[in-house]
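Trainee:
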Amino acid sequence: MKDLICDEFQNTVSKYLVRHQSILDILSKIQESTARVNRATIKAVTNCGCVQIHAAKKEMPPDATFDDFAITKLLDNNLEGELCADCKEMVETELGKTLFYLAALCNALDLNLYDVLLKEHKKLSTLRIFNFT
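The sequence shown begins at 1 in full-length UniProt numbering and counts up by one.
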């Protein structure tokens with residue numbers, strides 16, 4: 001089922017990508033849409049305030065293991081709070097545009113987005129914490 005949704009999305013992008021079919025356009029649009037995701041996230045912090053960033057050097061116990069990181073949350077994402085409905089909508093919209101151009105790039109390079117996701121999932125499942133992405 002999930003492969004059908006991914007394939008259907010990729011086919012829909014193929015049908016409706018009219019203005020930016022050049023690989024150069026697609027690459028620049030991916031970069032632009034990623035910047036917009038960053039900007040929407042930053043605005044949630046600086047304009048709205050629904051989330052806050054609290055970052056500082058993390059103190060790591062010298063005897064900490066990799067399992068400690070996952071179990072005890074020694075590392076966190078430095079965010080406090082949750083996106084409000086408006087900010088969530090904005091971030092989701094911008095992420096959707098990024099996915100659109102990612103699918104367009106896959107189409108231009110004759111790649112199947114679902115296959116790319118499967119390969120990455122398999123790599124993550126195999127390498128687990130040693131992937132370090």
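Backbone N, C-alpha and C fix where the C-beta goes; we use that ideal spot for every residue, glycine too. Since we're looking at a predicted model, the values are computed, not measured.
1) DSSP three-state label for residue 31, please.
2) Does the Cβ of residue 65 have 16 or more other Cβ atoms within 10 Å, making it buried, or fewer, making it exposed?
3) Please classify residue 41: is it buried, with 16 or more other beta-carbons within 10 angstroms of its beta-carbon, or exposed?
4) If residue 33 and residue 93 are in contact, beta carbons under 8 angstroms, what's the gap, nearest whole angstrom?
5) Measure from the alpha carbon of residue 105 to the alpha carbon of each residue in 9, 5 and 4, then state which is nearest.
6) Excluding five sequence neighbours on each side, which residues of the same chain lie with their C-beta closer than 8 angstroms to the C-beta of residue 95?
7) What residues are listed by DSSP as bridge partners for residue 135?
Mentor: Put simply:
1) The residue given as residue 31 occupies position 31 in the sequence shown. Here residue 31 sits in helix by DSSP.
2) Start at 1 with the first residue of the sequence shown, and residue 65 comes out as number 65. Exposed.
3) In the sequence shown, the residue the question calls residue 41 occupies position 41. Answer is buried; the Cβ neighbour count reaches 16.
4) Locating residue 33 in the sequence shown gives position 33, counting from the first residue. Locating residue 93 in the sequence shown gives position 93, counting from the first residue. A Cβ-Cβ separation of about 10 angstroms leaves residue 33 out of contact with residue 93 under the 8 angstroms criterion.
5) Walking along the sequence shown from the start, residue 105 turns up at place 105. Measuring C-alpha to C-alpha distances from residue 105 to each of 9, 5 and 4 identifies 9 as the nearest.
6) Within the sequence shown, numbered from 1, the residue matching residue 95 stands at position 95. Around residue 95: 37.
7) Only positions 1 to 133 of the chain appear in the structure, and residue 135 is not among them; the question remains open.
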